[in-house]
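Working notes for the structure below.
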Amino acid sequence: MQVRLRAVADALGRRVSRPGAVEPVMLGLGAATGLGTGVVVWLLISTVELVQRLAWSTQVPDWQLLVVPTIGGLLVGLLVWKVVPESSGGGVVPTMESLALRGGQLRRRIPLAGTAATGISLGTGLSGGREGPIVLIGGAIGSAVGRGVRLDEDGMRSLVAAGAAAGIGATFNAPIGGMLFAIELLLGGIRRAGSLQVVVVASVVSAVTARQLVGESLPLFQASAGFSLGPAAELLLYAALGLAAVAVASGFRFGEDLARRNFAGLRPHLGVPVTVALGGLGVGIVALAFPEVLGEGSHLPGVDGVREPIQAMLDGGFGASWSTAGLLLVLLLAKLVATLFAVGSGAAVGTFAPTLFTGAALGAAFGIAASQLLGAEVAPGAFALVGMAAVFAATARAPLTAILIVFELTGSYDLVLPLMLAVGIAMFVTELLGWDSIYAHQLRQRGVVLGQVDDVDVLQTVTVGEVMSAVDGNVVDEGADLDTVRRRLVETGAHGLVVVDAHARLVGVVAISDLVRPGTTAGQVATRRVLTVTPDDPAFRAVRRMASLDVGRLPVVDGHTRQVVGVLRRADVVRAYQRGIARSVGAQQRAASGRLRDLAGVGFVELVLQPGSPMAGCAVRDVTWPQRSVLTSVRRAGTVVVPSGDTVLEAGDELVVLTGQPDALRELAAPEPTPPPRTPSA
1 MQVRLRAVAD ALGRRVSRPG AVEPVMLGLG AATGLGTGVV VWLLISTVEL
51 VQRLAWSTQV PDWQLLVVPT IGGLLVGLLV WKVVPESSGG GVVPTMESLA
101 LRGGQLRRRI PLAGTAATGI SLGTGLSGGR EGPIVLIGGA IGSAVGRGVR
151 LDEDGMRSLV AAGAAAGIGA TFNAPIGGML FAIELLLGGI RRAGSLQVVV
201 VASVVSAVTA RQLVGESLPL FQASAGFSLG PAAELLLYAA LGLAAVAVAS
251 GFRFGEDLAR RNFAGLRPHL GVPVTVALGG LGVGIVALAF PEVLGEGSHL
301 PGVDGVREPI QAMLDGGFGA SWSTAGLLLV LLLAKLVATL FAVGSGAAVG
351 TFAPTLFTGA ALGAAFGIAA SQLLGAEVAP GAFALVGMAA VFAATARAPL
401 TAILIVFELT GSYDLVLPLM LAVGIAMFVT ELLGWDSIYA HQLRQRGVVL
451 GQVDDVDVLQ TVTVGEVMSA VDGNVVDEGA DLDTVRRRLV ETGAHGLVVV
501 DAHARLVGVV AISDLVRPGT TAGQVATRRV LTVTPDDPAF RAVRRMASLD
551 VGRLPVVDGH TRQVVGVLRR ADVVRAYQRG IARSVGAQQR AASGRLRDLA
601 GVGFVELVLQ PGSPMAGCAV RDVTWPQRSV LTSVRRAGTV VVPSGDTVLE
651 AGDELVVLTG QPDALRELAA PEPTPPPRTP SA
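Written out as structure tokens, the structure reads:
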């Protein structure tokens, strides 16, 4: 049975992975990803509710505000330390890193372990959101589905993005926002979203599944009726709100950097569990004065006099005086600090919900101040709604997601123009400042730089196997002593060697800097988790991986056996680029010849001059070309040569010929048949 299932999986993988694959198969996989993610979202919401019931009393005393987040942090720290380190500090960045470096490969334990870690984090009041972890969880479900049918890397990337979209769509009951989140942040834009249909299907299926299980069909927040744009001059106030949103976004951007560095300094001395517990204690200290900072800002434990803060900001529940505006700004700062404690220490929470909280506080305070200064009837809730989108857009640099997800979260579509203006202003200013998204910023700090595929389009036509270097001299056995490694590095002039086992399978990579590690053999000091490519991968994928970690070579391994079959170096990338340029020239020639082919019955033919061909060693003028044939270019050793009559053709030359007799031309380029040996006469 297992053999049959594996054969079915292989067949599905081949069907989906081939060019021009039938889309229904991928759509079915996307639907399966959405269904699984929707179930896990329901499990996460149920876990948060269960932990809240167990951890908090009906009326919360002050000591619980300190103890519960601290104990929650300790438990989450144990999970992050031993089981699911990917959940530390949210999951968007690890998901992006997996897409950039490992082709969407995420561990199978993440969905359940990540759900437990995030459920405990939010249930015990650690300040943050569930969007980051659910992106990771949904991505891991998509990764598991893709591995189950053995998809290629492009298919895996599509399913991971689909799982992330499904997670956002289900957890916030916002399928459109989830789709745009995956497109803008994970796939890098609509023009690169080749499997948009898969993302859409997964997001919708997940949202419907979670809605059926949770039983909640209303928007997460209810916007007051009657929100509308007043006089046109009011747009100036919303533009100013967009500017102010950048200041709040800078607090998340630079505050998280500071918090992560400080907690990272404590971690080696205190350990991961205690470090996260300290973050929880910090949240509890802030909550003593402002219990509204607990959790996501909704469904708070029963603290006297405290209602759900985001909803209160939307419907004006805080009042409309100068003192209220000041209170909202202090609450904004308190939520920011509490979130920095939780995320910086490594709790399994994200920053999506805190950006909505702080954006609502900023907008409500801004609206109150405007009404007090101008004496105009300004609805603070309308500004709170716009502030949510503006702060998230400035932080994540995802404008479409910001606008659409606020619509879906609140069910209000009455402030389209102010939303677009404030988000546009926030994006414009962050562009001037040279900011990327907070997630890409953290990824860059890990040493991973997201490349633009469009910059290396020409390398999509060349495979790694065409240009890789031979493995000889670039590998060392895992049992080799360090003196042998040093000698081999000197002999080759390389900065690193590929380490293999007795069966030529990849073990790791040993660099000069690794020789100071404790150990006596290459296998003991080698870096085990390394980036690899296969011979069938396009060269642009290898370039992207080399650039992301600034490495000069990549091992090339067989996709099934993990045996090392070659090494791709920077010099090989140059050859790939030259070959890709030459091929693109040929492609342009073929495209431009369409009308000529229709009119004259001729077209461009590419062929390789084989050894033993009668053309090899002849000048162009001496070749008996078929009728209606013109040699247009010769590609030799990666260089394009414009031929003349004196050009001598060589075996291995790649010829581009405009001809009306392609079959005769191919026969001319092929080796001459070897005559059969004579049979000696009796």
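Heads up, the sequence shown stops at 682 in UniProt numbering, and the numbers go up one at a time, no gaps.
C-beta atoms are modelled at their ideal positions from N, C-alpha and C, and glycine is treated no differently.
Q: Buried or exposed for Tyr413, please, with buried defined as at least 16 other CB atoms from any protein chain shown within 10 angstroms of its CB.
A: Within the sequence shown, numbered from 1, the residue matching residue 413 stands at position 413. The residue in question, Tyr413, is exposed, as its Cβ has fewer than 16 Cβ neighbours within 10 Å.
Q | Of the listed residues Ile403, Ile110, Thr430 and Ala511, nearest to Pro418 (C-alpha basis) | A | Here residue 418 corresponds to residue number 418 of the sequence shown, with the count starting at 1. Of the listed residues, the one whose Cα sits closest to Pro418 is Ile403.
Q: Using three-state DSSP, classify Phe172 as helix, strand or coil.
A: By 1-based counting over the sequence shown, the position of residue 172 is 172. Coil.
(Q) Suppose the cutoff is 7 Å on Cβ atoms and the five residues either side in sequence are ignored; what does the same chain contact list for Val241 look like? (A) To locate residue 241, count along the sequence shown from 1; it is residue 241. Here residue 241 turns out to be Leu, not Val, going by the sequence shown. Only Gly363, Phe366, Phe383, Val386, Gly387, Ala390 and Ala422 meet the Cβ criterion.
Q.
Less than 8 Å between C-beta atoms, sequence neighbours within five positions excluded: which residues of the same chain meet that for Leu74?
A. By 1-based counting over the sequence shown, the position of residue 74 is 74. Excluding sequence neighbours, Leu74 sits near Pro273, Val274, Val276, Ala277 and Gly280.
Q: Rounded to whole angstroms, what's the CA-CA distance from Gln442 to Arg487? Just pull it up for me.
A: Mapped onto the sequence shown, residue 442 falls at position 442. Mapped onto the sequence shown, residue 487 falls at position 487. Taking the straight line joining both Cα atoms gives about 38 Å.
Q: Give every residue of the same chain whose Cβ lies closer than 6 Å to the Cβ of Ala144, excluding the five residues on either side of it in the sequence, and list them in chain order.
A: Here residue 144 corresponds to residue number 144 of the sequence shown, with the count starting at 1. Within the same chain, Ala144 has close Cβ partners Arg108.
Q) Going along the chain, which residues of its own chain have a beta-carbon closer than 6 Å to the beta-carbon of Ser206, five neighbours each way excluded? A) Stepping through the sequence shown from its first residue, residue 206 is reached at position 206. For Ser206, where only same-chain residues beyond five positions count, the Cβ hits under 6 Å are Gly34, Thr37, Gly38, Ala166, Gly169 and Ala170.
Q. Who are the Cβ neighbours of Gly326 in its own chain at under 6 Å, not counting the five residues just before and after it?
A. Taking the first residue of the sequence shown as 1, we reach residue 326 at position 326. Closer than 6 Å at the Cβ level, and outside the excluded window around Gly326, lies no residue.
**Q.** Distance, Val640 Cα to Ala669 Cα
**A.** Numbered from its first residue, the sequence shown carries residue 669 at position 669. Numbered from its first residue, the sequence shown carries residue 640 at position 640. Each residue's Cα considered, the two are about 19 Å apart.
Q | Residues near Thr484 in its chain [Cβ-Cβ closer than 8 Å; skip 5 each side] | A | Counting from one through the sequence shown, the residue named residue 484 turns up at place 484. Result list for Thr484: Val476 and Ala522, in chain order.
(Q) Assess contact between the segment 124–131 and the segment 463–479, defined as three or more Cβ pairs (one per stretch) separated by less than 8 Å. Is contact present? (A) In short, these stretches do not touch, since the Cβ pair count stays below three.
Q: Tell me whether the beta-carbon of Thr118 lies closer than 9 Å to the beta-carbon of Leu196.
A: Counted from its first residue, the sequence shown places residue 118 at position 118. Counted from its first residue, the sequence shown places residue 196 at position 196. It is not a contact, given that the beta carbons lie outside the stated cut-off.
Q: Please name the residue or residues paired with Ala619 in a DSSP beta bridge.
A: Here residue 619 is taken as the residue at index 619 of the sequence shown, counted from 1. Paired residues: Val648.
Q) What does a CB cutoff of less than 6 Å around Asp501 pick up in its chain, not counting 5 residues either side in sequence? A) Along the sequence shown, one-based indexing puts residue 501 at 501. Here the set comprises Glu478 and Val507.
Q. Identify the residues that DSSP records as bridge partners of Gly508: which are they?
A. Mapped onto the sequence shown, residue 508 falls at position 508. Under DSSP, the beta-bridge partners assigned to Gly508 are Val499.
Q. In or out: Arg544 buried (at least 16 other Cβ within 10 Å) or exposed?
A. The residue labelled residue 544 in the question sits at position 544 within the sequence shown. Classification of Arg544: buried, given that the 10 Å Cβ count is 16 or more.
Q) Going by the beta-carbon positions, is the gap between Val293 and Leu29 smaller than 9 Å? A) Within the sequence shown, numbered from 1, the residue matching residue 293 stands at position 293. Within the sequence shown, numbered from 1, the residue matching residue 29 stands at position 29. Going by C-beta atoms, Val293 is not nearer than 9 Å to Leu29.
**Q.** Selection from Arg541, Met427 and Leu236 that minimises the alpha carbon distance to Pro399
**A.** In the sequence shown, residue 399 corresponds to position 399, counting from 1. The residue with the shortest Cα to Cα distance from Pro399 is Met427.
(Q) On the CB-based measure, 16 or more other CB atoms within 10 Å of its CB, does Asp472 come out buried or exposed? (A) Working through the sequence shown from its first residue, we reach residue 472 at position 472. The residue in question, Asp472, is exposed, as its Cβ has fewer than 16 Cβ neighbours within 10 Å.
Q | Residue burial classification, Gln311 (beta-carbon count within 10 angstroms, cutoff 16) | A | Start at 1 with the first residue of the sequence shown, and residue 311 comes out as number 311. Buried.
Q: Inspect the CB distances between the segment 95–110 and the segment 157–165 and report whether three or more fall short of 8 Å.
A: Contact between the segment 95–110 and the segment 157–165 is present: 3 or more CB-CB pairs across the two stretches fall below 8 Å.
Q: Starting from Thr351, trace the beta strand (DSSP E) both ways and give me its first and last residue.
A: Taking the first residue of the sequence shown as 1, we reach residue 351 at position 351. Unbroken run through Thr351: none, as it is neither H nor E.
Q) Expressed to the nearest angstrom, what Euclidean distance is found between the alpha-carbon atoms of Gly142 and Thr527? A) As a first step, residue 142 is located in the sequence shown; it is residue number 142 there, counting from the start. As a first step, residue 527 is located in the sequence shown; it is residue number 527 there, counting from the start. Answer to the nearest angstrom: the Cα atoms are 28 Å apart.
Q: Please list, in chain order, all residues of the same chain as Val41 whose beta carbon is under 6 Å from its beta carbon, the five residues on each side excluded.
A: Counting from one through the sequence shown, the residue named residue 41 turns up at place 41. Excluding the 5 residues flanking it on each side, Val41 has same chain C-beta neighbours closer than 6 Å at Ala170, Thr171 and Ala210, in chain order.
Q: Output the distance between the C-alpha atoms of Arg569 and Pro518, rounded to the nearest integer angstrom.
A: Within the sequence shown, numbered from 1, the residue matching residue 569 stands at position 569. Within the sequence shown, numbered from 1, the residue matching residue 518 stands at position 518. Going from the Cα of Arg569 to the Cα of Pro518 covers about 28 Å.
Q. Whose CA, out of Val516, Gln563, Ile512 and Gln524, lies closest to the CA of Thr534?
A. As a working mapping, residue 534 is identified with position 534 in the sequence shown. Measuring from the Cα of Thr534, the nearest candidate turns out to be Gln563.
Q | Given 8 Å, three or more beta-carbon pairs between the segment 242–257 and the segment 327–342 | A | Because the criterion of three Cβ pairs below 8 Å is met, the segment 242–257 and the segment 327–342 touch.
Q: Just confirm the distance between the C-beta atoms of Arg621 and Gln661, as a whole number of angstroms; I'd bet it's less than 8 Å.
A: The residue given as residue 621 occupies position 621 in the sequence shown. The residue given as residue 661 occupies position 661 in the sequence shown. Rounded, the Cβ-Cβ distance is 19 Å, inconsistent with contact.
Q: Give the range of the alpha helix (DSSP H) segment to which Ser437 is assigned.
A: As a first step, residue 437 is located in the sequence shown; it is residue number 437 there, counting from the start. Looking at the DSSP string, Ser437 is not in any alpha helix (DSSP H), and its letter there is neither H nor E.
Q. If you check the beta carbons only, do Thr355 and Arg397 fall under 9 Å apart?
A. Counted from its first residue, the sequence shown places residue 355 at position 355. Counted from its first residue, the sequence shown places residue 397 at position 397. Taking 9 Å as the Cβ cut-off, Thr355 and Arg397 do not qualify as a contacting pair.
Q.
Using a 10 Å radius around the Cβ and a threshold of 16 neighbouring Cβ atoms, would you call Pro24 buried or exposed?
A. Within the sequence shown, numbered from 1, the residue matching residue 24 stands at position 24. Exposed, because fewer than 16 other Cβ atoms sit within 10 Å of the Cβ of Pro24.
Q. Between Val464 and Ala571, is the Cβ-Cβ spacing less than 9 Å?
A. Within the sequence shown, the letter at position 464 stands for residue 464. Within the sequence shown, the letter at position 571 stands for residue 571. No, Cβ-Cβ distance for Val464 and Ala571 is not below 9 Å.
Q.
If contacts are defined as beta-carbon pairs under 8 Å, then Gly178 and Gly132 qualify, I think. What distance do you get, rounded to the angstrom?
A. Here residue 178 refers to the residue found at position 178 when the sequence shown is read from its first residue. Here residue 132 refers to the residue found at position 132 when the sequence shown is read from its first residue. The pair is not a contact, with the Cβ atoms about 13 Å apart (cut-off 8 Å).
Q | Straight-line gap, Arg636 to Ile134 (C-alpha atoms, nearest Å) | A | Position 636 of the sequence shown, counted from the first residue, corresponds to residue 636. Position 134 of the sequence shown, counted from the first residue, corresponds to residue 134. Cα to Cα, the separation comes out at about 52 Å.
Q. Taking Cβ to Cβ, would you say Val48 is nearer than 9 Å to Gly359?
A. Start at 1 with the first residue of the sequence shown, and residue 48 comes out as number 48. Start at 1 with the first residue of the sequence shown, and residue 359 comes out as number 359. The answer is no: Cβ separation not under 9 Å.
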